[in-house]
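As they're listed, the protein sequences go chains A and B.
Just so you know, the numbering used here puts 17 at position 15 of the first sequence, and the rest follows in order with no gaps.
Just so you know, the numbering used here puts 181 at position 179 of the second sequence, and the rest follows in order with no gaps.
Using N, Cα and C, we set each Cβ at its ideal position, and we do this for glycine too.
All of these numbers come straight from a predicted model, not from anything done at the bench.
This report refers to the structure that appears directly beneath it.
There are 2 protein chains.
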Amino acid sequence: MKYCPGCGSKLSLKIPENDDRERHVCDDCGVIHYQNPNIIVCSLPCYKDQVLLCKRSIEPRYGLWTLPGGFMENNETTLEGARRETLEEACARVEIHSLYSYYSLPHINQVHLFYRATLLDLDFSAGDESLEVKLFHHHEIPWEEIAFPAVSNTLEHYYKDLPEKIFPLHSADIIYTEDKKRSINSHH
Amino acid sequence: MKYCPGCGSKLSLKIPENDDRERHVCDDCGVIHYQNPNIIVCSLPCYKDQVLLCKRSIEPRYGLWTLPGGFMENNETTLEGARRETLEEACARVEIHSLYSYYSLPHINQVHLFYRATLLDLDFSAGDESLEVKLFHHHEIPWEEIAFPAVSNTLEHYYKDLPEKIFPLHSADIIYTEDKKRSINSHH
């Protein structure tokens with residue numbers, strides 16, 4: 003971020019009055035341009051004991067499997083976002099249930115939300131960002147080819163909770179240490 | 003948003019290829035500048051049967067009471083954000099418990115998260131954005147002077163759940179209709 007989106011003048015990094023960290027401040031109009039984390043809204047589409055995964059046709063993680071999800075848009079709710087992303091990536095219609103898991107990823111300034119969902123019909127297909135969309139039984143899940151740690155973690159919780167059919171909220175922080183080791187720190 | 007934050011050239015509103023809505027696209031470098039919802043991280047600081055509220059010293063809702071909270075920052079987790087905001091607004095140290103309520107506010111592109119928390123000591127005081135910080139018993143809550151509907155809703159849930167000491171996750175969408183009427187649509 004180098005130029006003011008409002009007036010086009012140069013931005014400087016400085017700590018504004020009454021603040022405690024550097025922000026992009028316009029040298030001319032003085033407006034402070036904050037940068038904040040984004041929300042990724044996802045669904046866990048279920049059909050009996052199977053779950054629907056999408057094989058990514060885009061980077062990052064081209065060719066790996068993920069749950070349908072993407073950036074929450076302005077002017078929508080989290081539920082609308084999860085439903086929209088499921089339709090876009092898997093051409094699938096779902097009934098959204100409760101929030102099932104969420105993760106903070108401070109190294110990339112994201113919060114991921116996963117909603118349990120039920121497929122309303124089996125008329126799904128690959129959307130623009132998917133190579134293939136497929137239902138998997140537990141023993142078929144391609145654990146070594148899952149695109150993102152939050153997706154693996156959500157699937158692990160799901161198959162632990164499924165026998166009892168009790169689905170409490172799970173949450174964790176996904177942290178990368180300086181030596182690039184990853185840890186998933188559950189909240190409970 | 004009128005100028006490209008990357009190169010300073012003019013932006014145009016157009017629908018990029020493979021997209022379905024207008025974005026700010028740079029006429030010169032071609033970069034697409036997405037705009038997405040922000041996360042507000044809050045705590046519900048409890049001490050025995052009392053809760054800690056802050057009287058706002060800033061707009062909007064100057065002089066009204068709220069739970070401590072604010073914009074989640076880059077490079078932090080949701081828990082760190084809720085803890086930080088509680089320290090900044092109420093100079094209060096808390097132990098954060100589970101996520102207790104969350105709300106989508108699509109008219110202002112925000113998602114509000116509220117964490118139940120326990121005050122670690124009674125050494126709290128007004129931070130820069132508060133005129134006053136005070137513990138309230140249930141019968142003392144100034145219901146007519148609460149700053150935000152998500153805060154009122156969270157406090158209502160809390161005092162319903164408190165007798166049983168079972169605190170399930172509550173969630174809702176706060177929607178304004180065209181005639182500016184507000185509805186709080188619970189998810190469950």
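Beta carbon of residue i, beta carbon of residue j: below 7 Å?
i, j, result
"valine 43 (chain B)", "glycine 71 (chain B)", "yes"
"asparagine 77 (chain B)", "proline 7 (chain A)", "no"
"glutamate 131 (chain A)", "isoleucine 60 (chain A)", "yes"
"leucine 115 (chain A)", "isoleucine 98 (chain A)", "no"
"alanine 152 (chain A)", "tyrosine 105 (chain A)", "yes"
"phenylalanine 126 (chain B)", "leucine 55 (chain B)", "no"
"lysine 4 (chain A)", "aspartate 29 (chain A)", "no"
"valine 113 (chain B)", "proline 39 (chain B)", "yes"
"glycine 129 (chain A)", "glutamate 91 (chain A)", "yes"
"serine 188 (chain B)", "alanine 174 (chain B)", "yes"
"alanine 149 (chain B)", "serine 45 (chain B)", "no"
"tyrosine 117 (chain A)", "alanine 84 (chain A)", "yes"
"leucine 171 (chain A)", "leucine 121 (chain B)", "no"
Which residues in chain A have a C-beta closer than 8 Å to the C-beta of residue i? List them in chain order.
i, result
"leucine 171 (chain B)", "Ser100, Leu101 and Leu171"
"glutamate 75 (chain B)", "Arg23, Asn38 and Pro39"
"histidine 159 (chain B)", "Per Cβ cutoff of 8 Å: no residues; histidine 159 (chain B) is ~15 Å from chain A at best."
"histidine 190 (chain B)", "Ser100"
Would you say residue i faces chain B, with C-beta separation under 7 Å as the test?
i, result
"glutamate 91 (chain A)", "no"
Under 9 Å between beta-carbons, which chain A residues line up against residue i? List them in chain order, please.
i, result
"tyrosine 5 (chain B)", "Tyr5, Cys6, Pro7, Gly8, Cys9, Gly10 and Ser11"
Give the residues of chain B in contact with residue i, contact being defined as C-beta atoms less than 7 Å apart.
i, result
"threonine 79 (chain A)", "Ser106, Pro108 and Asp175"
In chain A, what lies closer than 7 Å to residue i by C-beta?
i, result
"aspartate 130 (chain B)", "Asn20"
Does any CB atom of chain A fall closer than 7 Å to the CB of residue i?
i, result
"asparagine 111 (chain B)", "yes"
In angstroms, rounded to a whole number, what distance separates the CA positions of residue i and residue j?
i, j, result
"proline 47 (chain A)", "histidine 141 (chain A)", "17 Å"
"lysine 16 (chain A)", "tyrosine 36 (chain B)", "24 Å"
"valine 33 (chain B)", "alanine 94 (chain B)", "43 Å"
"threonine 179 (chain B)", "lysine 57 (chain B)", "28 Å"
"phenylalanine 73 (chain A)", "isoleucine 41 (chain A)", "6 Å"
"leucine 133 (chain B)", "proline 18 (chain A)", "21 Å"
"phenylalanine 169 (chain B)", "histidine 159 (chain A)", "21 Å"
"lysine 136 (chain A)", "lysine 162 (chain B)", "43 Å"
"proline 144 (chain A)", "asparagine 111 (chain A)", "27 Å"
"valine 96 (chain B)", "leucine 89 (chain B)", "8 Å"
"proline 165 (chain A)", "lysine 183 (chain A)", "32 Å"
"leucine 10 (chain A)", "glutamate 24 (chain B)", "A small fix is needed here, since residue 10 (chain A) is glycine in this sequence, not leucine. Roughly 21 Å separates the two Cα atoms."
"histidine 26 (chain B)", "serine 14 (chain A)", "22 Å"
"isoleucine 22 (chain B)", "glutamate 146 (chain B)", "Note that residue 22 (chain B) is aspartate in the sequence shown here, rather than isoleucine. Approximately 42 Å between the Cα atoms of the pair."
"aspartate 51 (chain A)", "isoleucine 186 (chain A)", "26 Å"
"glutamate 75 (chain B)", "aspartate 123 (chain A)", "40 Å"
"threonine 156 (chain A)", "threonine 79 (chain A)", "21 Å"
"tryptophan 67 (chain A)", "arginine 86 (chain A)", "19 Å"
"cysteine 31 (chain B)", "lysine 167 (chain B)", "56 Å"
Just the chain B side, please: which residues come within less than 8 Å of residue i by C-beta, in chain order?
i, result
"histidine 139 (chain A)", "Going along chain B, no residue has its Cβ under 8 Å from histidine 139 (chain A), so there is no contact; the nearest lies around 29 Å."
Using a Cβ cut-off of 8 Å, which residues of the stretch 33-52 of chain A contact any Cβ in chain B, in chain order?
His35, Tyr36, Gln37, Asn38, Pro39, Asn40 and Ile41
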